[in-house]
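Numbered according to the working numbering, the sequence shown spans residues 23 to 569.
Down below is the structure, laid out as structure tokens.
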Amino acid sequence: MVLALLLLLSAGILYPLLQVLGVAISSDTGGLTLRHLAAFFRRPLFVESLINTLLTGFLAVLFGSMIGVPLAVLTVRYALRGKAVLQTLAVLPLVIPPFVGAVAFQQILGRSGMVNLWLLETFGTTLPLMEGLTGVVLVQTLHYFPFIMVNTAAALAGVDPSLEEAARNLGSSGFRLFRRVLLPLALPGYAAGALITFIRVIDDLGTPLMLNYTKLLAPQAYLRVTTVGLTDVDGYVICVILVVLSVLALWGSKAALGLTEYAGRERSAEAEPLALRGASALAAWLIAALLLGPALLPHVGIVLLSLSKVWSLTLLPTVYTLGNYEEILFRAPGFIWNTLRYALLAAAVDVALGAAIAWLLLRGSVRGRGWLDVIATMPLAIPGVVLAVGYLRVFHGWNFPGLGEPLTATWLILVLAYAMRRLPYTVRSAYAALQQLPLALEEAAQNLGANRLRTFTRVTAPLMARGLLAGGLIAFITSAVELSSTILLVPRIELGPLSYGIYVYMQSAVGRGPGAALGVVAIVLVGCGTWLAHRLAVRGTGPLFRL
């Protein structure tokens, strides 16, 4: 079974990645060479794109920390009325896909958006908030900062309160206490969240494309493949650079999480949050509103845009309509139906593979388990555009038995890409669920005559159902709004899922309304899925937004 899984994952993950790497380091005669990698650093456009990618990741982490860390402190160290609402609002930006948020931010903060129109009418000036790299950083910061907040909050919650009490007894208080004691103890969790944010930022293809800014590595790889073709070596070299950056960030995140042990070692008691009332509670809510307000703007903007028939050069839509929803639900429902079909199939595959892999990792005793773990985790470090390029390289022209056409010409290529990219989520959830099951239950079933397969299907799998379902839901909702690999792998427009439909509609001014309506559908799907997955995960699979 391990061999079969290794072959399957190697074909879906490892082999396409090695093909990308092979093209980047192969000479025209078939030998190994670093000439293509060296040529990358001699191209001003590529060097600028690399610098911009690193700068974008750094700035998104920096500004995201300015939002996420104070919110983490506020939600963990203080008790105030409506705290559950505040915690919900703090993770709400993750519900809206980043490329959908980019469209909404354009409508609100763009050159002719609501804010600039008001500034022009009131003060006779405008702010270039969404121009070039500034707009990309703004959108990504306000979308990804919850990763920093959630991981920092988890680390702060694990700090031994006796350490804080000792610092207070020695005269430390206020910001000095936070800077010298709490922040260093929470640093591993914060670093993990920051590096996760960095990985997501450099992998983001949809936001730069929606904002028409291409001087980043992911858009450059997309443009090289779509304009020059699969024979262009530069596209593969860019993909290798992206993988290297992601691997380094993932390694740093794992290392940071490994350091969290010392923060909560031998905790003496649970920390009691400081109760805030009256003016203190009001001040806390005002701070939270200032931090969260900009991040919640896209939700309002996308709903308004979905209900608008005419919205141009005005603060608010001048004509409202439900025709945009009629368009996507009755005249072009294919995008929604395709999304449900692809994402559900991918999630089902992930649940089956995740359960089998988790069982082999914890209960199996055969060789190859280590490699199975490594390959199954690898998609965390593979940007979507890289995996898509690898699939185009491997499966283009390959006729799958029974299809009668190349795999890349069918919608199955999308299901395969989604399943492989989201596999780590179900493996992690299944592993966590299986860890909580006493081995004695399975041993009892085997003592009563059940073989290993029957024990797994009749005892282990049902008891793992909560964790498997939580992981499957995360796989479903993230696949439903996947754009980085989708935009390269969609065979035809009629086979496109919801994310591709949004991208297509948003390319024309007349289609922005229906595109926004599809964005609202995406928000509903992700929101409902995230809420349900969180409810399932509460009893043991851990935070949903940690690696």
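Cβ coordinates follow ideal geometry from the N, Cα and C atoms, glycine included.
- Item | Contact set for Leu344: own chain, Cβ-Cβ below 8 angstroms, skip 5 residues either direction | Along the sequence shown, one-based indexing puts residue 344 at 322. Cβ within range, chain order: Leu329.
- Val388, DSSP secondary structure in three states: Residue mapping note: residue 388 aligns to position 366 of the sequence shown, counting from 1. DSSP places Val388 in coil when its eight states are reduced to three.
- Query: Do you know how far the Cα of Leu239 is from the Cα of Ala46?
  - Reply: Counting from one through the sequence shown, the residue named residue 46 turns up at place 24. Counting from one through the sequence shown, the residue named residue 239 turns up at place 217. If I take the Cα positions, the gap works out to 15 angstroms.
- To the nearest whole angstrom, what separates the beta carbons of Phe417 and Pro428, a pair I think is in contact under 8 angstroms? Here residue 417 corresponds to residue number 395 of the sequence shown, with the count starting at 1. Here residue 428 corresponds to residue number 406 of the sequence shown, with the count starting at 1. The pair is a contact, with the Cβ atoms about 7 angstroms apart (cut-off 8 angstroms).
- Measure the beta-carbon distance from Gly537 to Val125 and round it to whole angstroms, keeping in mind my assumption that it falls under 8 angstroms. Taking the first residue of the sequence shown as position 1, residue 537 is located at position 515. Taking the first residue of the sequence shown as position 1, residue 125 is located at position 103. In this structure, Gly537 and Val125 form a Cβ contact; the two beta carbons are roughly 7 angstroms apart against a cut-off of 8 angstroms.
- From Leu149 to Arg514, what distance separates their C-alpha atoms? The count along the sequence shown starts at 1 and reaches residue 149 at position 127. The count along the sequence shown starts at 1 and reaches residue 514 at position 492. The straight-line gap from Cα to Cα measures roughly 39 angstroms.
- Status (buried if at least 16 other CB within 10 Å, exposed otherwise) for Leu569: Position 547 of the sequence shown holds residue 569. In this prediction, Leu569 has a pLDDT of 45, which is less than 50 and means its spatial position is unreliable; nothing more can be read from the coordinates.
- Range covered by the beta strand (DSSP E) that runs through Lys331: As a working mapping, residue 331 is identified with position 309 in the sequence shown. That run of the beta strand (DSSP E) goes 330 to 332.
- Alpha carbon to alpha carbon, how far is Val95 from Leu375? Give it in angstroms, no decimals. Here the question's residue 375 lines up with position 353 in the sequence shown. Here the question's residue 95 lines up with position 73 in the sequence shown. Distance between the alpha carbons of Leu375 and Val95 is about 38 angstroms.
- Item | Thr229 versus Phe200 - alpha carbon distance | One-based indexing of the sequence shown puts residue 229 at position 207. One-based indexing of the sequence shown puts residue 200 at position 178. For Thr229 and Phe200, the distance between alpha carbons rounds to 35 angstroms.
- Task: Kindly provide the ranges of any beta strand (DSSP E) runs that are 3 or more residues long and lie completely inside the segment 479 to 526, ordered along the chain.
- Result: none
- By a C-beta neighbour count over all protein chains shown, 10 Å radius and 16 as the cutoff for buried, is Glu504 buried or exposed? What you label residue 504 is simply residue 482 of the sequence shown in a count that begins at 1. Label assigned to Glu504: buried.
- Message: Quick check: the Cα distance between Leu93 and Ala310, rounded to an integer number of angstroms?
- Response: Counting from one through the sequence shown, the residue named residue 93 turns up at place 71. Counting from one through the sequence shown, the residue named residue 310 turns up at place 288. Their backbone Cα atoms lie some 7 angstroms apart in a straight line.
- Counting Cβ pairs, one atom from each stretch, are 3 or more of them under 8 angstroms apart for the segment 547 to 554 and the segment 108 to 122? yes
- Residues in its own chain within less than 6 angstroms of Leu264 by CB, not counting five upstream and five downstream? Here the question's residue 264 lines up with position 242 in the sequence shown. Excluding residues within five positions, the ones whose Cβ falls inside 6 angstroms are Leu239, Pro405, Val408.
- Would DSSP call Ala285 helix, strand or coil? Your numbering for residue 285 matches position 263 in the sequence shown. Any reading at Ala285 must be qualified, since the residue scores a pLDDT of 46, below 50, and its modelled position is unreliable; the value itself is stated next. In this structure, Ala285 counts as helix in the three-state DSSP scheme.
- Cα-Cα, which of Ile324, Ala176, Ala243, Thr253 is closest to Gly215? On the sequence shown, residue 215 is found 193 positions in, with the first residue counted as 1. Checking every option, the nearest Cα to that of Gly215 belongs to Ala176.
- Item | Beta-bridge pairing of Tyr100 - partner residues as DSSP gives them | By 1-based counting over the sequence shown, the position of residue 100 is 78. DSSP, once it has assigned bridges, lists Leu296 as partnering Tyr100.
- Provide the residue span of the alpha helix (DSSP H) that contains Pro168, from first to last. Residue 168 sits at position 146 when you count from the first residue of the sequence shown. Unbroken alpha helix (DSSP H) run through Pro168: 154 to 179.
- Would you tell me roughly how many angstroms separate the C-alpha atoms of Lys276 and Phe62, rounded to the nearest one? In the sequence shown, residue 276 corresponds to position 254, counting from 1. In the sequence shown, residue 62 corresponds to position 40, counting from 1. Roughly 29 angstroms between the two C-alpha positions.
- Query: Can you tell which of Val137, Pro241, Glu153, Leu318 has the C-alpha that lies nearest to the C-alpha of Gly146?
  - Reply: Reading the sequence shown from its first residue, position 124 is the one you call residue 146. Here the closest residue by C-alpha is Val137.
- Close beta carbons around Phe85, own chain, < 6 angstroms, minus the five adjacent residues each side: Along the sequence shown, one-based indexing puts residue 85 at 63. The answer, listed in chain order, is Thr163.
- Query: Around the C-beta of Trp273, are 16 or more other C-beta atoms found within 10 angstroms, so that it is buried, or is it exposed?
  - Reply: Locating residue 273 in the sequence shown gives position 251, where the first residue counts as 1. The residue is exposed, with fewer than 16 neighbouring Cβ atoms inside 10 Å.
- Excluding five sequence neighbours on each side, which residues of the same chain lie with their C-beta closer than 6 angstroms to the C-beta of Arg355? Looking up residue 355 in the sequence shown gives position 333. Rather than Arg, the amino acid found at residue 355 in this sequence is Pro. Excluding residues within five positions, none has a Cβ falling inside 6 angstroms.
- Tell me whether the beta-carbon of Met486 lies closer than 8 angstroms to the beta-carbon of Ala441. Numbered from 1 along the sequence shown, position 464 holds the residue referred to as residue 486. Numbered from 1 along the sequence shown, position 419 holds the residue referred to as residue 441. Contact flag unset, no.
- Item | Whole-number beta carbon distance between Arg415 and Gln41, since they are thought to touch under 8 angstroms | Position 19 of the sequence shown, counted from the start, is the residue given in the question as residue 41. Position 393 of the sequence shown, counted from the start, is the residue given in the question as residue 415. At roughly 5 angstroms, the Cβ-Cβ gap stays under 8 angstroms, so Gln41 and Arg415 are in contact.
- Can you pull the DSSP bridge partners for Tyr342? Locating residue 342 in the sequence shown gives position 320, where the first residue counts as 1. According to DSSP, which records beta bridges pairwise, Tyr342 is partnered with Ser330.
- Cutoff 6 angstroms; reference Leu139; Cβ partners in own chain excluding five residues on either side: As a working note, residue 139 is residue 117 in the sequence shown. So the qualifying residues of the chain are Leu337.
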